[in-house]
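A short write-up of the structure that comes next.
Numbering (full-length UniProt numbering), first residue to last: 1 to 485.
Here it is in structure tokens:
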């Protein structure tokens with residue numbers, strides 16, 4: 001199978017050439033057919049005309065002898081008619097006038113009476129030596145005013161016409177090939193010129209590097225057909241720039257959060273090993289190190305979960321759960337922590353929910369842990385569950401709200417609250433108690449379920465809302481959330 005050229009310009013040039021060749025070939029075929037039909041019609045008209053002309057000349061002679069004495073007047077009417085054969089003979093077959101340059105054998109033809117007016121429908125087919133089907137006619141013609149008649153045979157060898165059409169077709173073929181070649185050349189030049197904006201776009205795109213992600217393609221100067229492509233490429237560059245920026249910040253945050261526990265481990269260990277210690281001191285060191293190890297383990301576990309979710313490798317076991325029952329179990333789990341912080345946990349409402357039990361518990365646990373850390377002593381953290389319309393308005397899903405009083409989250413912080421390693425407190429004074437991945441995991445879990453998580457923080461009350469759809473829609477890999485700074 002022949003492969004197409006890789007160059008789009010060459011492909012377009014070939015397409016122009018082939019299209020032109022097809023058009024010219026169609027026109028050539030039509031012209032050739034039309035010319036052949038016209039020539040054939042002209043030959044047939046001439047055959048009928050020759051019979052009428054010979055009959056007219058015969059009316060001017062009185063005897064067969066007079067015809068023999070002046071054959072030129074009959075022979076002259078055949079001059080200039082290539083392939084024409086004219087024979088005038090007696091009823092007994094004795095030739096009076098013979099014009100047959102190639103000595104063709106006369107075919108037996110049906111002879112028309114002298115009173116019959118000849119027309120094209122009376123022409124008969126015969127084959128000369130070259131085998132080309134030709135046309136002819138035989139008719140009687142009266143001598144003068146007498147009742148005596150002679151036989152007129154007029155034939156036309158169509159071989160000349162076939163040769164003429166063949167030569168004409170050869171010329172049309174060469175004209176078609178030349179026209180197609182010229183069209184291909186012009187098409188190549190036009191396509192190359194027309195694709196110049198695309199080459200400029202390619203050059204601009206090639207200039208984009210990690211240090212020049214802010215570069216954008218000029219949509220305004222692009223042709224209408226390429227504006228959509230340029231706009232899509234600009235959107236892609238914007239996403240890449242945003243993702244790269246967030247990835248850079250994510251890497252910096254990751255290094256910072258790993259450096260803190262590792263520095264603690266190294267520092268404490270170096271201090272302890274600087275001199276001999278008692279067993280109790282070594283035990284205290286190991287307990288302190290264990291806390292750091294556990295924190296590192298949680299961070300690694302959370303990062304692995306997010307990485308698997310980003311690549312759609314988290315298998316969901318979605319089923320119908322009693323949301324109130326699940327929330328009561330989690331409230332009971334946090335009861336001791338809430339009591340230690342002098343915070344009351346309140347669960348209200350009831351509704352079924354379509355969710356993966358493990359991921360549901362993980363999402364609500366992260367929200368409760370976040371709420372208890374920020375709720376002031378003596379306050380109440382509320383967890384409400386109810387049926388609620390979906391965000392798209394296509395049905396009724398389940399809504400779980402976790403609200404806690406406390407300092408409001410600044411409005412400029414809200415768009416980043418679900419970012420990985422993001423903390424509203426730049427000083428990170430609470431970094432030991434949090435990995436900065438809890439809310440990012442909540443957002444990922446909701447996306448995996450085809451739902452959403454939103455936050456509202458006004459008038460000293462922060463409310464996180466988990467919106468589960470009526471029927472979970474698994475999130476494709478391409479739609480998985482990227483790392484957010």
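Where is the CB? At the ideal position from N, CA and C, for every residue including glycine.
Query, Result
"Burial state of residue 403, where buried means 16 or more other Cβ atoms lie within 10 Å", "buried"
"Among 169, 145, 56, the one whose alpha carbon lies nearest that of residue 36", "169"
"Length of the line joining the Cα atoms of residue 44 and residue 20", "36 angstroms"
"Within the segment 141-210, ranges of the alpha helix (DSSP H) (whole runs, at least 4 residues)", "159-194, 196-206"
"With 16 other Cβ atoms within 10 Å as the buried cut-off, status of residue 101", "exposed"
"Check whether residue 161 and residue 47 have beta carbons under 7 angstroms apart", "no"
"Residues of its chain near residue 317, where Cβ-Cβ distance is below 6 angstroms and the 5 sequence neighbours each way are ignored", "356"
"Residue 426 (DSSP reduced to helix, strand or coil)", "In this prediction, residue 426 scores a pLDDT of 47, lower than 50, which makes its location untrustworthy; the coordinate-derived value is nonetheless stated afterwards. Coil."
"Those runs of the beta strand (DSSP E) which lie wholly inside the segment 309-368 and span at least 3 residues", "318-322, 344-349, 352-356"
"DSSP three-state assignment for residue 241, whether helix, strand or coil", "helix"
"Beta-ladder partner(s) of residue 87, from DSSP", "98, 153"
"Status (buried if at least 16 other CB within 10 Å, exposed otherwise) for residue 449", "buried"
"Supposed contact pair residue 334 and residue 401 - C-beta distance, whole angstroms, cut 8 angstroms", "Their Cβ separation, rounded to whole angstroms, is 16 angstroms, which puts residue 401 and residue 334 out of contact at 8 angstroms."
"Residue 167 versus residue 130 - alpha carbon distance", "17 angstroms"
"Cβ pair count under 8 angstroms reaching 3, the segment 62-79 against the segment 181-188", "no"
"Cβ pair residue 528, residue 266 closer than 7 angstroms", "A question about residue 528 goes unanswered here, because the residues of the chain that appear run from 1 up to 485."
"Residue 305 (DSSP reduced to helix, strand or coil)", "helix"
"Backbone secondary structure at residue 460 - three-state DSSP", "coil"
"Boundaries (first-last residue) of the alpha helix (DSSP H) holding residue 443", "438-448"
"Exposure of residue 300, with buried meaning 16 or more beta-carbon neighbours within 10 Å", "exposed"
"Separation of residue 197 from residue 17, as counted between CA atoms", "23 angstroms"
"Segment limits, alpha helix (DSSP H) that includes residue 48", "8-58"
"Unbroken alpha helix (DSSP H) run spanning residue 67, endpoints", "64-69"
"Reference residue 66; option with closest CA among 24, 409, 150", "150"
"Any C-beta of chain C under 7 angstroms from that of residue 109", "This model lacks chain C altogether; it includes just one protein chain."
"Of the listed residues 453, 51, 128, 220, nearest to residue 114 (C-alpha basis)", "51"
"Helix, strand or coil at residue 403 [DSSP, three-state]", "strand"
"Close beta carbons around residue 164, own chain, < 8 angstroms, minus the five adjacent residues each side", "39"
"Touching by the beta-carbon criterion (3+ pairs, under 8 angstroms), the segment 338-350 and the segment 378-387", "yes"
"Under the three-state DSSP convention, the category residue 275 falls into", "coil"
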